[in-house]
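Residue numbers (the working numbering): 100 to 793. Below is one structure, written out as structure tokens; comments come after it.
Now the structure itself:
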């Protein structure tokens with residue numbers, strides 16, 4: 100990569116000090132001018148303009164202008180109480196500046212106020228949404244001809260849609276069997292066979308409920324067409340017949356009564372999953388209890404060994420599995436689950452190989468936070484010096500590359516452009532590896548017209564969809580490539596800065612001399628290897644010494660020229676742009692071992708470095724902004740083991756542990772000595788809190 104590429108990132112944002120404000124303003128003014136001209140040019144044969152000079156000169160008109168202008172002034176004043184997310188001092192939530200093409204795209208399209216629920220209400224922006232959906236599919240590795248994606252209001256709605264589709268396809272074979280048994284018009288199709296796990300073929304009408312609940316999804320998707328073709332009736336007529344038996348019409352209670360031996364399905368998620376998963380199960384009538392959290396390993400990732408055990412147990416007890424969810428960038432830790440292990444497990448189960456049970460399930464990747472980082476998939480290489488404001492792009496870890504490559508084998512993926520795509524809210528998305536699955540959630544309204552192949556709003560939950568959101572994503576993707584030269588460069592710089600902060604926090608104190616210590620939730624490794632796998636450090640103290648010598652205090656340029664240091668950075672810490680950590684203090688020279696006081700201390704630090712009300716934001720007195728999260732001690736037992744154990748702190752089931760979080764979405768947080776400045780501010784703040792705890 101060209102060592103000057105970091106400079107182009109500066110053209111993608113308004114800037115922490117509004118450096119690109121004049122240019123941004125010109126583009127917005129141009130959008131307004133073009134839009135008003137567009138209105139003048141259309142339907143020229145119409146009567147003269149209604150808003151005449153005479154009306155504009157009236158007291159009533161001028162009075163209302165003054166009202167609107169006063170409202171704008173009041174709005175601006177209120178918005179000055181907003182969190183200053185655009186500054187590199189803000190490192191709390193998954194929020195930073197939006198890219199200029201996204202903001203310009205949104206504001207420009209907003210003037211046209213298109214509704215992407217129907218093509219007739221959004222011919223231009225619906226086409227943009229289609230293009231964006233295909234781009235996101237390719238970005239995530241869904242490059243088949245049948246892949247399909249679309250914009251949703253957010254990741255929660257995308258996750259709900261994925262579960263909805265997975266539920267409906269899960270019960271489709273049962274609906275087809277009942278239709279074959281009840282409908283004389285389908286009598287010619289009674290010999291249609293279904294392919295079960297292990298590639299076993301059997302007549303659909305001869306299958307048990309358990310067998311029908313474990314038809315591999317790719318086969319289930321084509322089963323309706325096979326029955327329709329064998330029956331020799333028109334597709335529309337067949338769909339009308341089948342609708343009477345499908346779960347989306349009959350409801351789960353009907354199936355429970357008809358098949359009393361059938362058990363409620365399981366949905367396996369990491370214990371750290373987003374709250375949208377139990378919420379979605381509740382909305383769909385499956386119930387929160389169907390969602391089972393798999394415990395985490397010491398890297399904050401779903402423990403795939405325990406997942407495999409639960410899958411085997413479900414098969415033995417004939418409990419169907421609706422879906423397994425792997426998270427690509429958890430909300431509180433930035434962890435990426437072992438997607439390769441999940442998809443391998445699913446394939447082994449469907450093929451009944453490697454001691455796997457015969458059971459089928461949908462695989463979903465919740466990459467709402469981490470999806471765009473797939474653009475970073477570049478070969479690691481050293482980068483040359485380029486100047487004081489230079490920030491190198493860090494290659495993804497080897498583990499991360501394996502997991503991101505495996506997403507292509509999942510069935511559906513949630514990706515939020517309004518997170519790591521730096522797009523204005525609201526812009527989530529859902530991508531289908533096989534676009535036919537979206538037909539499982541279709542509800543047509545007779546008053547909605549969509550041109551063939553372009554009906555984006557036909558699929559999904561929303562009844563209204565802002566065309567401006569699709570336009571914002573489209574414009575950003577046109578200006579910033581979805582590869583290492585565009586988003587990969589931007590997010591690579593963010594990853595580099597995240598790892599530098601990880602190293603800074605992990606070594607900020609000297610436990611032998613200072614009265615506080617920071618321990619990372621994803622702990623420092625016990626050894627380090629370099630780019631050619633040579634041993635650089637072989638015990639925890641040597642690891643700290645290497646970091647202090649080769650990373651701490653060095654410039655970005657110096658680190659970028661050290662291939663071993665770059666490799667070490669890529670492998671350290673969490674997976675996606677988040678550092679989660681705990682801070683403890685000493686009492687009479689000994690580490691505090693009281694959990695309540697530990698939580699109080701971290702909460703006190705958070706209070707010093709957070710903004711909770713408009714007055715605080717407007718006062719401009721918070722020098723650094725981070726986030727606090729309270730982790731369940733049972734869920735996070737493995738990750739917390741190292742930190743709490745070293746301090747002698749006990750935390751059991753039902754208790755929570757307060758942790759601090761810094762999220763890096765600003766690519767420039769380590770440039771021009773800013774890391775060292777923030778580090779000094781943070782250390783001084785912690786030391787003040789230590790004194791307050793005395």
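Ideal placement from N, C-alpha and C gives every residue a C-beta, glycine not left out.
Checklist entry - Where does residue 352 fall in DSSP's three states? => result Residue mapping note: residue 352 aligns to position 253 of the chain shown, counting from 1. In the structure shown, residue 352 sits in a helix (DSSP, three-state: H, G or I).
Item to check | Rounded C-alpha distance that separates residue 578 from residue 200 | outcome: One-based indexing of the chain shown puts residue 578 at position 479. One-based indexing of the chain shown puts residue 200 at position 101. Rounded to whole angstroms, residue 578 and residue 200 show a C-alpha spacing of 7 Å.
Checklist entry - Between residue 306 and the rest of its own chain, which residues show a CB-CB distance below 7 Å, the 5 nearest in sequence each way excluded? => result The count along the chain shown starts at 1 and reaches residue 306 at position 207. Spatial neighbours of residue 306 in its own chain (CB-CB distance under 7 Å, excluding positions within 5 residues in sequence) are listed in chain order as 276 and 293.
Checklist entry - Per DSSP, what kind of secondary structure is residue 778 in: helix, strand or coil? => result Start at 1 with the first residue of the chain shown, and residue 778 comes out as number 679. In this structure, residue 778 counts as helix in the three-state DSSP scheme.
Checklist entry - By how many angstroms is the C-alpha of residue 394 removed from the C-alpha of residue 360? => result Locating residue 360 in the chain shown gives position 261, where the first residue counts as 1. Locating residue 394 in the chain shown gives position 295, where the first residue counts as 1. Between residue 360 and residue 394, the C-alpha separation is close to 29 Å.
Next on the checklist: What ranges does the alpha helix (DSSP H) occupy inside the region 210–274, keeping only unbroken runs of at least 4 residues that lie completely in it?
Outcome noted: For the region 210–274, whole alpha helix (DSSP H) runs of length 4 or above, ordered along the chain, are 222–238 and 254–269.
Checklist entry - Using the beta-carbon count (16 or more within 10 Å), is residue 188 buried or exposed? => result Along the chain shown, one-based indexing puts residue 188 at 89. Per the 10 Å Cβ criterion, buried.
Checklist entry - Is residue 523 near residue 467, with beta carbons less than 7 Å apart? => result Here residue 523 corresponds to residue number 424 of the chain shown, with the count starting at 1. Here residue 467 corresponds to residue number 368 of the chain shown, with the count starting at 1. Their beta carbons are not under 7 Å apart, which means residue 523 does not touch residue 467 by this criterion.
Item to check | residue 785 versus residue 793: straight-line alpha-carbon distance, rounded | outcome: Translated into the one-based positions of the chain shown, residue 785 becomes position 686. Translated into the one-based positions of the chain shown, residue 793 becomes position 694. Near 13 Å, if we compare the C-alpha coordinates of residue 793 and residue 785.
Item to check | Of the listed residues 380, 634 and 652, nearest to residue 666 (C-alpha basis) | outcome: By one-based count along the chain shown, residue 666 stands at place 567. The candidate whose alpha carbon is nearest that of residue 666 is 634.
Checklist entry - Below 7 Å between beta carbons: does that hold for residue 270 and residue 390? => result The residue you call residue 270 lines up with position 171 of the chain shown. The residue you call residue 390 lines up with position 291 of the chain shown. In terms of Cβ geometry, residue 270 and residue 390 do not form a close pair [threshold 7 Å].
Next on the checklist: Considering just the uninterrupted stretch of the beta strand (DSSP E) at residue 531, what are its terminal residues?
Outcome noted: Taking the chain shown and counting its residues from 1, one reaches residue 531 at position 432. Taken as a continuous stretch (DSSP letters only), the beta strand (DSSP E) holding residue 531 covers 527–531.
Next on the checklist: With H, G and I counted as helix, E and B as strand and the rest as coil, what does DSSP make of residue 572?
Outcome noted: Sequence index remark: in the chain shown, residue 572 carries index 473 (1-based). Annotated three-state conformation of residue 572 is helix, per DSSP.
Checklist entry - Could you give the distance in angstroms between the alpha-carbon of residue 392 and the alpha-carbon of residue 358? => result Taking the first residue of the chain shown as 1, we reach residue 392 at position 293. Taking the first residue of the chain shown as 1, we reach residue 358 at position 259. Cα to Cα, residue 392 sits roughly 27 Å from residue 358.
Item to check | DSSP state of residue 402 mapped onto helix, strand, coil | outcome: In the chain shown, residue 402 corresponds to position 303, counting from 1. Coil at residue 402, not helix or strand.
Item to check | Where the alpha helix (DSSP H) through residue 761 begins and ends | outcome: Numbered from 1 along the chain shown, position 662 holds the residue referred to as residue 761. It is not in any alpha helix (DSSP H) - residue 761 instead sits in the beta strand (DSSP E) that spans 755–762.
Next on the checklist: Please report the distance separating the alpha-carbon of residue 254 from that of residue 198.
Outcome noted: Working through the chain shown from its first residue, we reach residue 254 at position 155. Working through the chain shown from its first residue, we reach residue 198 at position 99. Each residue's Cα considered, the two are about 20 Å apart.
Checklist entry - DSSP three-state call for residue 448: helix, strand or coil? => result The residue labelled residue 448 in the question sits at position 349 within the chain shown. Residue 448 falls in the helix class under three-state DSSP.
Checklist entry - What are the start and end residues of the beta strand (DSSP E) that includes residue 420? => result Counting from 1 along the chain shown, the entry for residue 420 is found at position 321. For residue 420, the uninterrupted beta strand (DSSP E) run begins and ends at 420–426, by DSSP.
Checklist entry - Should residue 426 and residue 369 be called a contact, given that it needs their Cβ atoms to be closer than 7 Å? => result Along the chain shown, read from residue 1 onward, the residue named residue 426 stands at position 327. Along the chain shown, read from residue 1 onward, the residue named residue 369 stands at position 270. Judged by beta-carbon spacing, residue 369 lies within the 7 Å limit of residue 426, meaning their Cβ atoms are closer than that value.
Next on the checklist: In the DSSP output, what is residue 365 paired with across the bridge?
Outcome noted: Within the chain shown, the letter at position 266 stands for residue 365. DSSP, once it has assigned bridges, lists 420 as partnering residue 365.
Next on the checklist: Quick check: what's the CA-CA separation for residue 542 versus residue 558?
Outcome noted: Mapped onto the chain shown, residue 542 falls at position 443. Mapped onto the chain shown, residue 558 falls at position 459. Each residue's CA atom was taken as its position, placing residue 542 and residue 558 some 7 Å apart.
Checklist entry - In angstroms, rounded to a whole number, what distance separates the CA positions of residue 564 and residue 556? => result Translated into the one-based positions of the chain shown, residue 564 becomes position 465. Translated into the one-based positions of the chain shown, residue 556 becomes position 457. The straight-line gap from Cα to Cα measures roughly 8 Å.
Checklist entry - Are the Cβ atoms of residue 257 and residue 688 separated by less than 7 Å? => result Locating residue 257 in the chain shown gives position 158, where the first residue counts as 1. Locating residue 688 in the chain shown gives position 589, where the first residue counts as 1. The answer is no: Cβ separation not under 7 Å.
Next on the checklist: Please report the distance separating the alpha-carbon of residue 284 from that of residue 561.
Outcome noted: Your numbering for residue 284 matches position 185 in the chain shown. Your numbering for residue 561 matches position 462 in the chain shown. Taking the straight line from one Cα to the other gives about 35 Å.
Item to check | Nearest neighbour of residue 779, chosen from 603, 755, 672 and 668 [CA to CA] | outcome: Here the question's residue 779 lines up with position 680 in the chain shown. The option with the nearest alpha carbon to residue 779 is 603.
Checklist entry - Does the pairing of the region 760–778 with the region 586–597 give three or more beta-carbon distances under 8 Å? => result A contact is defined here as three or more CB-CB pairs under 8 Å, and the region 760–778 meets this definition with respect to the region 586–597.
Next on the checklist: According to DSSP, is residue 597 part of a helix, a strand, or is it coil?
Outcome noted: Your numbering for residue 597 matches position 498 in the chain shown. Residue 597 falls in the helix class under three-state DSSP.
Checklist entry - Based on the DSSP secondary-structure assignment, which residues constitute the bridge partners of residue 389? => result Counted from its first residue, the chain shown places residue 389 at position 290. Looking at the DSSP assignment, residue 389 forms no beta bridge with any residue, so it has no partner.
Checklist entry - Would the beta-carbon of residue 530 fall within 7 Å of that of residue 243? => result For the purposes of this step, residue 530 is taken as the residue at position 431 of the chain shown. For the purposes of this step, residue 243 is taken as the residue at position 144 of the chain shown. Contact flag unset, no.
Checklist entry - Going by other Cβ atoms of all chains shown within 10 Å of its Cβ, with 16 needed for buried, is residue 701 buried or exposed? => result To locate residue 701, count along the chain shown from 1; it is residue 602. By the neighbour-count rule (16 or more Cβ atoms within 10 Å), residue 701 is buried.
Checklist entry - Ordered along the chain, which non-local residues of its own chain (more than five positions away) have a Cβ less than 7 Å from that of residue 628? => result The residue you call residue 628 lines up with position 529 of the chain shown. Result list for residue 628: 634 and 635, in chain order.
Item to check | Simplified DSSP state of residue 458, which is helix, strand or coil | outcome: The residue labelled residue 458 in the question sits at position 359 within the chain shown. Of the three classes helix, strand and coil, the one that applies to residue 458 here is coil, per DSSP.
Checklist entry - In the DSSP assignment, what are the bridge partners of residue 615? => result Position 516 of the chain shown, counting from 1, holds the residue named residue 615. Partner(s): 684.
Next on the checklist: Ignoring anything shorter than 4 residues, give me the alpha helix (DSSP H) runs that lie fully in the region 269–348, in order along the chain.
Outcome noted: As far as the region 269–348 is concerned, its whole alpha helix (DSSP H) runs of at least 4 residues are 271–281, 308–311, 316–330 and 334–342.
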